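What follows is one structure encoded as structure tokens, with my remarks underneath.
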Amino acid sequence: MVENLTTLRYFSYVHGQLHPRYLPITVRSDVTILAILGHIAKRLDQPSSCIFLWKPREFLPKGAHDRLRSLLRQHGSDLSKLCNEIEGREARISDIFSSGVPADEITLVAEVPKPESVAGDAAEHSEHANHNLTKLTEHCGSPDLCGEHPILDGRYGNKHTTVAPPVEDFHYTFAQFKAGYCDESMQLPEDFVRLVGKITDDISMIKADELCHQSCTSSLLSTLLSSTFKQLVNSNRASADHIQSYSRERPSPGLAGQAFVEEKAELGSSGDGSVHGSFSYTQHWTDINQKELLEACFCPSFVIALAGPYIIICGAIFTRVNDDANALRIARVFYALGNALLRLRSFYAEVEKPTDNTTRYFPLATAYRDGNRIVRFKYMAPLKDTLEANVTYRAVECEGHRRPIVVKFVERYGVAAHRLLASEGLAPALLYYGDIGLEGPEAHGCGTRKMMVMEYIAGTMAHAMNLAGEEQTLPDGVHSAVKRAVKLLHDKHIVHGDIRLGNVIVAEPTGANDDNDVGKRVKIVDFD
1078 MVENLTTLRY
1088 FSYVHGQLHP
1098 RYLPITVRSD
1108 VTILAILGHI
1118 AKRLDQPSSC
1128 IFLWKPREFL
1138 PKGAHDRLRS
1148 LLRQHGSDLS
1158 KLCNEIEGRE
1168 ARISDIFSSG
1178 VPADEITLVA
1188 EVPKPESVAG
1198 DAAEHSEHAN
1208 HNLTKLTEHC
1218 GSPDLCGEHP
1228 ILDGRYGNKH
1238 TTVAPPVEDF
1248 HYTFAQFKAG
1258 YCDESMQLPE
1268 DFVRLVGKIT
1278 DDISMIKADE
1288 LCHQSCTSSL
1298 LSTLLSSTFK
1308 QLVNSNRASA
1318 DHIQSYSRER
1328 PSPGLAGQAF
1338 VEEKAELGSS
1348 GDGSVHGSFS
1358 YTQHWTDINQ
1368 KELLEACFCP
1378 SFVIALAGPY
1388 IIICGAIFTR
1398 VNDDANALRI
1408 ARVFYALGNA
1418 LLRLRSFYAE
1428 VEKPTDNTTR
1438 YFPLATAYRD
1448 GNRIVRFKYM
1458 APLKDTLEAN
1468 VTYRAVECEG
1478 HRRPIVVKFV
1488 ERYGVAAHRL
1498 LASEGLAPAL
1508 LYYGDIGLEG
1518 PEAHGCGTRK
1528 MMVMEYIAGT
1538 MAHAMNLAGE
1548 EQTLPDGVHS
1558 AVKRAVKLLH
1568 DKHIVHGDIR
1578 LGNVIVAEPT
1588 GANDDNDVGK
1598 RVKIVDFD
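Okay, here's the thing in structure tokens:
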């Protein structure tokens, strides 16, 4: 049996650079454009999602490199002015090109566009960026990251992490939702559970047609969540499959996208619904019509992805077999989501545009418990450079002497080690370690994530002091203080695990009689 083959050729145009030679590719006529992109992606060492195929409007022979370069120069490197984009990645080659066409008659251009730089809040961050640039040019990084042989201590190296912190740390709605669906003691209305059982049966039916799948989803979600889901088109003509929104008319007006829904007929068809949902979320909130509301908060929303019987519910900010137990779990999810959407609506109804634009990125957890007293605080700035991914903030208490503090969100923490060294004056005072939310359903919605609050120590890192010294040596007393701290911990069978120059601070003199003794001003930090 002879396969029906089609031979294509293409020029690669990567990041504005045209390759001087064409590349041939021979495939079966029944393969999809997506498969073609997969072949090209391997050759170019680029993700297939970043590659766009273009068919020139005029015939280009094999040696057409110079002609194509001339056309690109003539049209300002805009391929859309001299080519037609081949859309529909699920389409087959035979649907676009006639089979058996010689390679000389089919020429494509495979484009990998230049990465776009996102210029967000330029005025807001310009001063911070200049400050960070100055610091980067004046000092080298600590040896555990920038040395010839980096120390692998479980932390990220010299590449920035793209993993965002949990959204429940930032907004109580997500913590409430998480606490709600995990609460097995929650009493669910019987009719609600029966409705969810019926819906799970309906969506378990295999549907090859995505439009058929979408036709009933809007009404099902509206019934479950007591909300209206509809389709809205942004100014750039992009839209989510369904969106549940709240129209805000008071100062900082806008259309708050509370939930974005993306549907696929089944898993593996037309991409990942949760990824497409994140695109819809970004497209909506960056639309020019949402500018004022975008600048008022970090835009908390839910993203719901549906693919056949599979449902994914994600929180977004600007980070099986059906059985009775599973039906109850799914019912809890939707019941908790409905309650969370109501509270999210209240948030959007009351949100005010901040006087300082940077504050809209801070978490909403602004209090800790000191015995029977609730101490409220205000975030001032991230404690570390904004170039680093971190969830540590410098803050100040709102009452009394407005004591400066440090607030950090952690997955685990060496509380015993911190308290032991703090009792000996070798660490900042630990003021609080516990739930991120102090009351309401969000108090149990962050799981193992906790909030740590300690006093702020004005001083200099030992690493910076070491670099500043003429012989790159630390002042007398630092080594002995660190040794004493390690011995105290070891005597209690505790290991810090990360005592290094970057985690040793020498506090500024306070005017006390023992200020000349540097060892008494040494503080150990970073117990997570």
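In this note's numbering, the protein residues as written are 1078 to 1605.
Cβ atoms here follow ideal geometry from the backbone N, Cα and C, with glycine treated the same way.
Computed from a prediction, not measured in an experiment: that's the story for all the values here.
| query | result |
| --- | --- |
| At least 3 beta-carbon pairs within less than 8 angstroms: the stretch 1492-1501 vs the stretch 1466-1481 | no |
| Straight-line gap, residue 1445 to residue 1533 (C-alpha atoms, nearest Å) | 15 angstroms |
| Residue span of the alpha helix (DSSP H) that contains residue 1259, given as start and end | 1249-1259 |
| From 1086, 1111 and 1300, residue whose alpha carbon lies closest to that of residue 1167 | 1111 |
| Nearest-angstrom beta carbon gap, residue 1499 and residue 1602 [assumed within contact, 8 angstroms] | Not confirmed; about 11 angstroms, so no contact. |
| Proximity of residue 1355 and residue 1393 at Cβ, strictly below 8 angstroms | yes |
| Local Cβ density within 10 Å of residue 1126, reported as buried at 16 or more and exposed below that | exposed |
| For residue 1085, the three-state DSSP class (helix, strand or coil) | strand |
| Beta strand (DSSP E) segment containing residue 1100, residue limits | 1100-1105 |
| Under the three-state DSSP convention, the category residue 1303 falls into | coil |
| Distance cut-off 7 angstroms: residue 1498 Cβ against heavy atoms of the ligand NAP | Ligands displayed in this structure: none; no statement on the ligand NAP is therefore possible. |
| Per-residue DSSP class, three states only, for residue 1363 | coil |
| Beta carbon of residue 1333 nearer than 8 angstroms to that of residue 1325 | yes |
| Residues of its chain near residue 1473, where Cβ-Cβ distance is below 8 angstroms and the 5 sequence neighbours each way are ignored | 1454, 1455, 1457, 1479, 1480, 1481 and 1482 |
| C-beta atoms of residue 1519 and residue 1090 nearer than 8 angstroms | no |
| DSSP beta-bridge partners of residue 1565 | DSSP lists no partner for residue 1565. |
| Identity of the residues DSSP links to residue 1137 by a beta bridge | According to DSSP, which records beta bridges pairwise, residue 1137 is partnered with nothing at all. |
| Cα-Cα separation, residue 1151 to residue 1142 | 14 angstroms |
| Cβ shell of residue 1272 (< 8 angstroms), same chain only, five flanking positions each side left out | 1300 and 1301 |
| Own chain residues within Cβ distance below 6 angstroms of residue 1161, not counting five before or after | 1132 |
| Reduced DSSP category for residue 1319 - H, G, I as helix; E, B as strand; rest coil | strand |
| Buried or exposed (CB count within 10 angstroms, at least 16 for buried), residue 1442 | buried |
| Terminal residues of the alpha helix (DSSP H) in which residue 1334 lies | Premise fails: residue 1334 lies in the beta strand (DSSP E), 1331-1341, not in any alpha helix (DSSP H). |
| Residue 1107 versus residue 1164: straight-line alpha-carbon distance, rounded | 16 angstroms |
| The stretch 1411-1422 in contact with the stretch 1244-1260 per 3-pair CB rule at 8 angstroms | yes |
| Residue 1535 versus 1475, 1586, 1421 and 1422, residue with shortest Cα-Cα distance | 1586 |
| Among 1144, 1423 and 1380, the one whose alpha carbon lies nearest that of residue 1098 | 1144 |
| Straight-line Cα distance separating residue 1468 from residue 1427 | 26 angstroms |
| Residue 1522, buried or exposed, once every other Cβ within 10 Å from all chains shown has been counted against 16 | buried |
| Residue 1306, buried or exposed, once every other Cβ within 10 Å from all chains shown has been counted against 16 | buried |
| C-alpha distance - residue 1360 paired with residue 1488, whole-angstrom precision | 32 angstroms |
| Pair within 8 angstroms by beta-carbon distance, residue 1531 and residue 1507 | yes |
| Candidates 1541, 1297, 1351 and 1364, of which the one nearest residue 1309 by Cα | 1364 |
| Residue span of the beta strand (DSSP E) that contains residue 1118, given as start and end | Note, residue 1118: premise wrong, no beta strand (DSSP E); alpha helix (DSSP H) at 1110-1121. |
| Per-residue DSSP class, three states only, for residue 1424 | helix |
| Burial state of residue 1232 (16 or more Cβ within 10 Å) | Legend: pLDDT at residue 1232 = 46, less than 50; position of this residue unreliable, value from coordinates given subsequently. Result: exposed. |
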